[in-house]
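One structure is given below, encoded as structure tokens.
Number of protein chains: 2
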Amino acid sequence: MATAAPDTTQRVPVGALLARLGQESNARLRRSLRPLDLRAQEFIALKQLELLGRCSQSELADAVGVDYSNLATLAGGLCDSGLIVRGRDGADRRRYVLELTAAGRRLVARADEAIAAGERELLGALEEGDREQLHALLQRVADGAELCPTASACTE
Amino acid sequence: MATAAPDTTQRVPVGALLARLGQESNARLRRSLRPLDLRAQEFIALKQLELLGRCSQSELADAVGVDYSNLATLAGGLCDSGLIVRGRDGADRRRYVLELTAAGRRLVARADEAIAAGERELLGALEEGDREQLHALLQRVADGAELCPTASACTE
DNA sequence: TATTGTTATACTCTATAACTATA
DNA sequence: TATAGTTATAGAGTATAACAATA
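Residue numbers (our numbering), protein chains in the order written: chain F, 723 to 878; chain P, 723 to 878.
So this is what it looks like as structure tokens:
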């Protein structure tokens, strides 16, 4: 049977809180990015590519939590827009090597500014120290679940 | 200009972590609920209704982060399935009053068990105490942003 | 006129399967 | 045969506008 702590029944479980706050976080992201004509997934992929440097489509898909199939379309669009460049890997010609262009790098910088305000607003209830603590906890969960969102944690 | 802390540039911002973990949390929720033939939004709405007790569609939509227009369709489906009942408010006949049926209550209980395993797995990297701390921090953020996920915080 | 709820519609995101090309 | 990528498609979630009924 499931564990049943006495006062856990009447509160929202952590998973539900995560889901709800993630939803809100995504909504704010979308609104902030709309003026830049960027979709949330596109920004996340670009941002991750900035952190990882050169990498293949499948590595990026893993890091970002998007299906390979959907990342193919996504990367194609970003390539057409001149935000990334795709070249075949010399060693294994099946693989693409993705890299941010200068234009892509500039757009990411603009997007970072655009989303910072919304993020501060969402986390307004927390003091600086609490925000750090939240960041550390979330990072540990992400690393533990192998969601691999940081370059340093990508050891493969 | 935006604030620029020295070592913040090379790590994933809190908002992005929240978005990513929320995405993962939602994905696990969906997978856990599929055998019960429940969609994530449907479960979230039912669960919230359990916490709030009787409430109107607009109150539920606010609490759950779904557009009024979409909650209309959602509530209609749940009503057809016999999981909730809808009745007009006597005082204000424009408003619906939603309430969980016995069948709805049973299904929520089954769903709670189904999703508990996935949640424990996602949070596996954290000790019990850290999990509590994460819960408290997320709850404060949710309350601060008036996402109103708890009955107690709903003061309106 | 303002509010509650409904319907319709477009867009974004998620997920699966079938396919091609290279290893 | 196994893997990297592509294409197509279905389903779920998000967002907006137009509308009816009631206050």
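Beta carbons are placed, not taken as given, at the ideal position from N, Cα and C, and that holds for glycine.
Applying the 10 Å Cβ sphere with the 16-neighbour rule, what's the burial state of residue i?
i, result
"F/A783", "buried"
"F/E781", "buried"
"F/M723", "A caution first: F/M723 carries a pLDDT of 42, below 50, which makes its placement in the model unreliable, though a value can still be read off. Flag for F/M723 reads exposed."
"F/A825", "exposed"
"P/A741", "buried"
"P/A831", "exposed"
"P/E849", "exposed"
"F/A864", "buried"
"P/A813", "exposed"
Report the CB separation of residue i from residue j in whole angstroms; it is logged as a contact under 8 Å.
i, j, result
"F/A867", "P/E854", "The Cβ separation is near 19 Å, so there is no contact."
"P/E764", "P/L822", "That pair is no contact at about 12 Å."
Do residue j and residue i count as a contact pair if the criterion is CB distance below 8 Å?
i, j, result
"P/L820", "P/R776", "yes"
"F/L805", "F/L829", "yes"
"P/Y818", "P/Q770", "no"
"F/V786", "F/A762", "no"
"F/L796", "F/V807", "no"
"P/L758", "P/A836", "yes"
"F/A847", "F/L755", "no"
In chain order, which beta strand (DSSP E) runs of at least 3 residues are fully inside the stretch 758 to 843 of chain F? 806 to 810, 818 to 822
Across the stretch 747 to 754 of chain P and the stretch 834 to 844 of chain P, are there enough close Cβ pairs to call them in contact, namely three or more that are closer than 8 Å? yes
Could you tell me whether the stretch 734 to 743 of chain F touches the stretch 856 to 863 of chain P, using the rule of 3 or more Cβ pairs below 8 Å? yes
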